[in-house]
Every structure is written in structure tokens, then in C-alpha cells.
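Chemist: Those sequence lines, one after another, are chains X and E.
So that you can map any letter, position 82 of the first sequence is 568 in the working numbering, and since no number is skipped, the others follow by simple counting.
So that you can map any letter, position 32 of the second sequence is 16 in the working numbering, and since no number is skipped, the others follow by simple counting.
Questions regarding the structure given below will be posed in turn.
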Amino acid sequence: DQQVKQNSPSLSVQEGRISILNCDYTNSMFDYFLWYKKYPAEGPTFLISISSIKDKNEDGRFTVFLNKSAKHLSLHIVPSQPGDSAVYFCAASAGGGSNYKLTFGKGTLLTVNP
Amino acid sequence: DAGVIQSPRHEVTEMGQEVTLRCKPISGHDYLFWYRQTMMRGLELLIYFNNNVPIDDSGMPEDRFSAKMPNASFSTLKIQPSEPRDSAVYFCASSGRGGNQPQHFGDGTRLSIL
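Have a look at this one:
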């Protein structure tokens, strides 16, 4: 039973355009969401997070949107750069402020073409 | 600053052998996590520690798996006896105090059981 789903295994975009990565969840107890980026042969690196009390969080080129009613979140990267090519994982927790137990999606491979 | 350090990076061994994976968390971090990544199940939390004490081991698959944290700067994940289905990438992560501190991952140990 996959509680966090990333339905697109891969996404390809042109440099300079917007990348939109999507994530759906089923557990209504999730209240904190994160995105991680992973390069080959490296561990995941934290990118950005959002609490369920917000619907948007922005950090430079990265913006995460949360739609609680749809149980959906998305990561927008604008503008996309070739160095953004990586696997992106969505993660969620139901910690109520203690967000240690993360549930991950299976990831989306983003390729940004020069 | 040094990140999370895992050793070995690669391990190939025969079924039935004991396997020990090692992790050094980031200095000052109170939480340590062990994850396993497989194609089928993605990235799963196995166990996590707070101040060297195991808090949640509900993700540990079987009694063949055990984890210890004898001090704040070292943890081990042991599999005894190992089986081919244990082949995966094992990640260690650590985080600081505070519910929303991001987890910092090591580069993983790629384990192959023949």
C-alpha cells in the first residue's frame, strides 16, 4: 500500500523552461512534506519542505505547492538548468511537529536538456 | 563540515554470511536513521535512534536485521545471516534536534548478496 505516489517515473524538459514534478498521498494524517534530490551514487539531498498549514513555499528557483483537499503536492523548478537533472523524491510525515518518520515516493527522474 | 559517512560503499558477499554496515552521523546531530532502497519498494525507513536509543524499529524486516548505536558518533546495521533478497542500497541519515530539521543522508552502501 503506497501512501506516497509519484506517478511519473520520468520527465524531460528544455533548459530554461519550467519543470513540474507531482506527488499524491493517501494518508490524511500527513502534515509535513519534503522534496529531496538525488544524483547517481549519492545520497538524497534535502531541497525544500512545506507544512500542512501552508499551501506554498518558495526557495529561489524552487516552489512547492500543497493542495490538501486533493492530497496533492507539486514541485516547480523555474528556470530549469541541466544541473537539475536528478531523481526527485517526495516524502511525507505524520509527526504533528516531530517529523522523523518519513514515507517516500519512488521518485521521478528529471532530465533537463541543454 | 563532514557529512554523514557510510562504509563500506560497496559490499559483495555470499548468502549466509554476516554483513555489517557502518555509519558516522554529522557531529551534533541527535537523530540517526537507517533506510533501505530497492526497485520494488523504493526508499524505506528501517529504524531510527534518538540520543543513541532506538525509537522506532517497526521497519526492520526480520530478526536477521539488527541495529546498534553504541555512541553518538557511530552506528551499525547488521544482517545475519544474509540472503539474496537483502541486496539493496542502504542509507544512513542524521538530523539535528527539532521536529522539522531535514535529514542529511550519506552516500549509501550498495549491498549484493550472491
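Where a beta carbon is used, it is the ideal one built from N, C-alpha and C, also for glycine.
Note that this is a predicted model, so its numbers are computed, not measured.
Considering only the beta carbon of each residue, do ALA527/X and ASP70/E sit closer than 8 Å?
Modeler: no
Chemist: Could you tell me the boundaries of the beta strand (DSSP E) in which VAL573/X lies?
Modeler: 572 to 579
Chemist: Which chain X residues are close to TYR32/E, counting only those with a beta carbon under 8 Å from its beta carbon?
Modeler: Against chain X, the beta carbon of TYR32/E has neighbours under 8 Å at TYR586, LYS587, listed in chain order.
Chemist: Since ASP510/X is in the beta strand (DSSP E), which residue starts that stretch and which ends it?
Modeler: 505 to 511
Chemist: When you compare the CB positions of ILE539/X and VAL550/X, do they come within less than 8 Å of one another, or not?
Modeler: no
Chemist: Just by C-beta distance, which residues in the region 29 to 55 of chain E are closer than 7 Å to chain X?
Modeler: Here the close residues are LEU29, TYR32, ASP40.
Chemist: Using a beta-carbon distance below 8 Å, is LEU16/E in contact with chain X?
Modeler: At a cut-off of 8 Å between beta carbons, LEU16/E makes no contact with chain X.
Chemist: Give me the residue from PRO45/E, SER96/E, THR22/E, LYS8/E with the minimum Cα distance to PRO68/E.
Modeler: SER96/E
Chemist: Beta-carbon of PHE548/X versus every beta-carbon of chain E: anything under 8 Å?
Modeler: It does not: the Cβ of PHE548/X has no partner Cβ on chain E nearer than 8 Å.
Chemist: Determine, using beta carbons only, whether GLY0/E comes closer than 8 Å to chain X.
Modeler: no
Chemist: Using DSSP with H/G/I as helix, E/B as strand and the rest coil, what is ARG6/E?
Modeler: Here ARG6/E sits in strand by DSSP.
Chemist: Okay, do the region 568 to 580 of chain X and the region 49 to 60 of chain E touch, 3+ Cβ pairs below 8 Å being the bar?
Modeler: Fewer than three pairs of CB atoms, one per stretch, sit closer than 8 Å, so the region 568 to 580 of chain X makes no contact with the region 49 to 60 of chain E.
Chemist: Excluding the five sequence neighbours on either side, which residues of its own chain have a C-beta within less than 7 Å of the C-beta of TYR564/X, listed in chain order?
Modeler: Residue identity check: residue 564/X is Val in the sequence provided, not Tyr. Residues ILE504, ARG547 of the same chain have their beta carbon placed closer than 7 Å to that of VAL564/X, with the five preceding and five following residues left out of the count.
Chemist: Less than 8 Å between the C-beta atoms of TYR525/X and ALA572/X, yes or no?
Modeler: yes
Chemist: Hey, quick one: how far does the beta strand (DSSP E) through ILE31/E stretch, first residue to last?
Modeler: Per DSSP, ILE31/E belongs to the beta strand (DSSP E) from 26 to 34.
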